[in-house]
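Structure, as C-alpha cells:
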Amino acid sequence: MIVDARAHGRRVRRAAVENVDVARIFDEVADLLEIEGANPFRVRAYRAAARTMDTLGAPARDLAARADGLETLPGIGADLAGKIRTILETGDLPLRRQLTRRTPAGLVEMMRIPGLGPKRAKLLYRKLGVRTIAQLEKAASAGRLRTLPGFKQALEAKIVQGLREYHARQGRVRLSDADAYAAPLVEHLRSTPGLSRIDVAGSYRRRRDTVGDLDILAAASRPRLVADRFLTYPGVARVEAHGTTRCAVVLASGLHVDLRIVPAVSYGAALLYFTGSKAHNIAIRALGVKRRLKVNEYGVFRGTRRIGGRREEEVCGAVGLPCIPPELREDRGEVDAAREGRLPHLVELADIRGDLHVHTTDTDGRSTLADMVEACRARGYAYVAITDHTKAVRVAGGLTAAGFRRQFREIDRLQARTPGLTILKGAEVDILDDGTLDLDAGTLAALDVVVVAVHSKFAMSQAAMTRRIVTALQHPCVHILAHPTGRLIGRREPYALDMTAVLRAARDHGVLVEINAQPDRLDLDDVHARMAVDAGVRLVVSTDAHSVDELAFLRHGVDQARRAWCRAADVANTRSTAALGRLLKT
DNA sequence: ACGCCTGTGCGTGCCTATCTTCTGATAGG
C-alpha cells in the first residue's frame, strides 16, 4: 500500500513539471549567466533551449522517456538534455541554485525594468547592494542611482517610470501560461471519485489575454476528496486556505489558484458567478431584481424557493436572457444585446481557413519553408502566406530583393507538388522611420501578400508614429498591418499611437488589420479589435509562427477575436481562396 | 552549450541605431 502511494506520488510529481517550467529555469539561468559575464554563446544556448521548450508541441517528458529523444531537438545536446531530465524529475536545477548563491535571483527580476540590463543590474548590486525591486525603488527615490558611474538623472527617471509600469502589470500572467498550469491541474482533479463537473472559471474562461489567478469550480458529491486531492497536488508550493467548499493555494510559479466546490444543483449559478466579470454579474443580478428574483452563486430564488441553478442557461433564462458566450461577459453591451436577441454568432477556430503571417528558416523562423507548407497542408488550410522579414530587421536576418526572388522559386517548386494548398508569396515588410517600406517597388508588386509592421524606434511621439504608420498604409501595395501596437505582454508597453486615425486609414485604403496570435502579443487586443470592426475595418487572425508548432497559436488569436465580438465575416481569413483574393487589393 | 569536426578545437545571432551615454549599455525578432 505504502509502496503504491510512493510510486504514485513520484509519477504525479514528474507530471507536475511542465515544459514552461523548464523554459522558465533555462531563461533564469541565461539571465544569471549574462549578469556574471559568461560566454555569450553559452547564454544563447540556454535561451534557445528555453524557447524550444516553450513552443514544443508535446510534453518534454514524452521525449525524455525515449533514449536520445531530447537530443533530437535542435540546440539540445547531451548536456542540456541531461539538465532537462533533471528538471523534469526534481523541478529544479543544481546549476540554477549554484548561480543564485553568487548572484541574487532578484537581479533577474530587476532586468525586466526597461533600461536595466545585466551590466547595470550587476553594478547596482556591487556598488549599492541593491538585490531586489523594493531596494531598487528605495535607492531610486533617495536619488542614489545617479551617484553611480554611467547613471545620470535621465536614466534614473527612466527607471522610476519603468518601476511604475512594472507594478501596474504585476501579478498577471499570460493566458497561455495560465493554460499550461491549469490543464494538468484540472486533469489531476478530474479523476476524483464523485466529481461530476469541473471548469476553470474567471478571466481564464473569459479568455482575457492575461489572468491574475485561476478560479477552479467543481461539483462533487464528496467535496472533501476533491479538496484533499487539490491540496496534495505536487505543484502546490503553499496552502493559503483549506475549507470544505473553498481552498486556496499558490503554485511554485507564484500563480494563485482558488478551488470552490459546490453541489451539482448550484453548479450553473456558481459557474456564472465565478466566471464574472464582476460588472457583468451586477448587470445580471439587476435584471433579476426587476423580476423579483434573487440571483446568487447558489441559484435563482423566488423568495426562498430555488427555481434554477444547475446550469448557466437556467439562471440566464430565469432573467430573460439566452446564454452569453463567456468571452463577451465584460459588461460592454452584451446584456442588452442578449435581451434584444442581437448577440453575434462569434467566429470559431474551425472557421479559419489559412494563415497569413508565418516565418521560415530563410529569416528567423526555425522550420523550413517546405516544413511550414507541409504543416499547413496537414492542418487542412486552403492557403498560407509566407511572410519573412525584410533587410532592415537585421536581428532576424531579413531578406533582400534577391533573397525573396530565391524564395519565390522555391515556393513555385513546392506549389507544383502541393495541389490542395495555395502558397501565397508574401513578406513582412518593415515600416521605416519615415513610413516608407523596406523593399523596392518591383518586389512589392510581385508579392501576393504584403504585410507591414514596425520593428524599430518604438519611442517616437504619438504624432510621429501615427504619421509613420498611416503613410505606410497609403502605399498601394500594402495588404495587412501586423501587430499594430508592438506590445509584448508583461515586457513592453504598446508604442504611442492614435489608433482611431490608423484604423480610419486602414479602412480608407482597404488594408486588413492583424490580430497577432503570439501569446505575448495578442495585438490588436480585444478592445482595439472591436474598435476596428466597428470602424468598418476587416481583420485577419494570424500566428506569426516561427515554427510549425507555433501554427497552433491560432486559437489564442481566435479567443481575442471572439472577445472583440467578431463574426466569421469580420475575419478575412475565414474566406475561400478566391474570396480572400478579392479582399486583397491588386 | 551546440554542432561540426578531428586542429587535444573552432565558429556560432554577431549587427546596428539609439540613448540611458561619451565609451558603453540596451534594444530590436
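Here the numbering used here is used: position 271 in the first sequence is 251, and no number is missing along the way. For glycine and all other residues, C-beta sits at the position ideal for the given N, C-alpha and C. Since the structure is predicted, the reported quantities are computational estimates derived from the model, not experimental observations.
Exercise. Could you tell me the boundaries of the beta strand (DSSP E) in which I241 lies?
Key: First-last of the beta strand (DSSP E) with I241: 236 to 242.
Quiz prompt | Alpha-carbon to alpha-carbon, L267 and A317 | solution = 14 Å
Quiz item: Expressed to the nearest angstrom, what Euclidean distance is found between the alpha-carbon atoms of E292 and Y253?
Solution: Straight-line Cα distance between these residues: approximately 9 Å.
Quiz item: By Cβ distance, which residues of its chain are closer than 8 Å to R240, with the 5 residues on each side in sequence left out?
Solution: D195, I196, L197, A198, T225, R226, A250, F254
Quiz item: Out of C457, V482, V434, R487, which has the shortest C-alpha to C-alpha gap to T446?
Solution: Nearest of C457, V482, V434, R487 to T446, Cα basis: V482.
Quiz prompt | Local Cβ density within 10 Å of V219, reported as buried at 16 or more and exposed below that | solution = exposed
Quiz prompt | Which of helix, strand or coil DSSP assigns to L125 | solution = helix
Quiz prompt | D351 - containing beta strand (DSSP E), residue span | solution = From DSSP, D351 is part of no beta strand (DSSP E) but of the alpha helix (DSSP H) over 349 to 358.
Quiz item: Short check: CB of I67 to CB of D11, under 8 Å?
Solution: Between I67 and D11, the CB-CB gap reaches or exceeds 8 Å.
Practice problem: Provide the residue(s) that pair with A407 in DSSP beta bridges, ordered along the chain. | Solution: Its beta-bridge partners are D368, V430.
Exercise. Compare the C-alpha of D539 against each of V166, D529, S527, V520 and name the closest.
Key: V520
Quiz item: Helix, strand or coil: how does DSSP classify C457 here?
Solution: The answer is coil: DSSP assigns C457 none of H, G, I, E or B.
Quiz prompt | Buried or exposed (CB count within 10 angstroms, at least 16 for buried), V429 | solution = Buried is the call here.
Quiz item: In three-state terms, what does DSSP make of Y363?
Solution: strand
Quiz item: If you check the beta carbons only, do D478 and Q442 fall under 8 Å apart?
Solution: yes
Self-check item: Of the residues D344, R271, T402, R385, the one placed nearest V375, counting alpha carbons only
Solution: D344
Self-check item: Residue environment, T554, which counts as buried when at least 16 other CB atoms sit within 10 Å
Solution: buried
Quiz prompt | Sequence-distant residues of the same chain with beta carbon closer than 7 Å to A452, five excluded per side | solution = I411, G415, L417, V432, V458
Practice problem: Would you please state the rounded distance, in angstroms, between the beta carbons of A47 and A3? I believe it to be under 8 Å. | Solution: The Cβ separation is near 23 Å, so there is no contact.
Practice problem: Sort out for me which residues DSSP pairs F281 with in a bridge. | Solution: K274, R286
Quiz item: How would you label P464, buried or exposed, when you count the other beta carbons within 10 angstroms and need 16 or more for buried?
Solution: buried
Practice problem: Closer than 6 Å by C-beta to R111: which residues in its own chain qualify, once you throw out the five before and the five after it? Chain order, please. | Solution: Counting only Cβ-Cβ distances below 6 Å, and skipping sequence neighbours, we find P84, G86, Y105.
Quiz item: Any idea what DSSP makes of V564, helix, strand or coil?
Solution: A quick correction: the sequence has Leu, not Val, at residue 564. In this structure, DSSP gives L564 a state outside helix and strand, which the three-state scheme calls coil.
Quiz item: Skipping 5 residues on each side, what residues in its chain have a beta carbon closer than 8 Å to that of S257?
Solution: S183, R186, R309, E310, D311
Quiz item: Apart from the five residues just before and just after Y26, which ones in its own chain have a Cβ nearer than 6 Å to its Cβ?
Solution: F6, V9, A10
Practice problem: Would you tell me roughly how many angstroms separate the C-alpha atoms of L135 and Q141, rounded to the nearest one? | Solution: Spanning the two alpha carbons is a distance of roughly 10 Å.
Practice problem: Flag E494 as yes when its Cβ comes closer than 7 Å to any non-hydrogen atom of the ligand SAH, and as no otherwise. | Solution: Of the ligands one can find in the structure shown there are none, so the ligand SAH has no counterpart to examine.
Quiz item: Do the CB positions of A244 and L231 come within less than 8 Å of each other?
Solution: No, the Cβ-Cβ distance between A244 and L231 is not below 8 Å.
Quiz item: Less than 8 Å separating the beta-carbons of G537 and A512?
Solution: Inclusion of G537 and A512 in the CB contact set at 8 Å is not warranted, their separation being larger than that value.
Quiz item: By Cβ distance, which residues of its chain are closer than 7 Å to I139, with the 5 residues on each side in sequence left out?
Solution: I93, G95, L96, A120, L125
Self-check item: Sheet register partners of N261 (DSSP bridge)
Solution: None, per the DSSP bridge assignment.
Quiz item: What residue from A298, A330, G283, R154 has the CA that sits closest to L235's CA?
Solution: R154
Self-check item: DSSP-derived helix/strand/coil call for N496
Solution: Of the three classes helix, strand and coil, the one that applies to N496 here is strand, per DSSP.
Quiz item: Quick one: Cα of D331 to Cα of A122, how far?
Solution: Approximately 56 Å between the Cα atoms of the pair.
Quiz item: Which first and last residues belong to the beta strand (DSSP E) in which E220 is found?
Solution: 216 to 222
Practice problem: State the start and end residues of the unbroken beta strand (DSSP E) segment that holds D195. | Solution: 193 to 200
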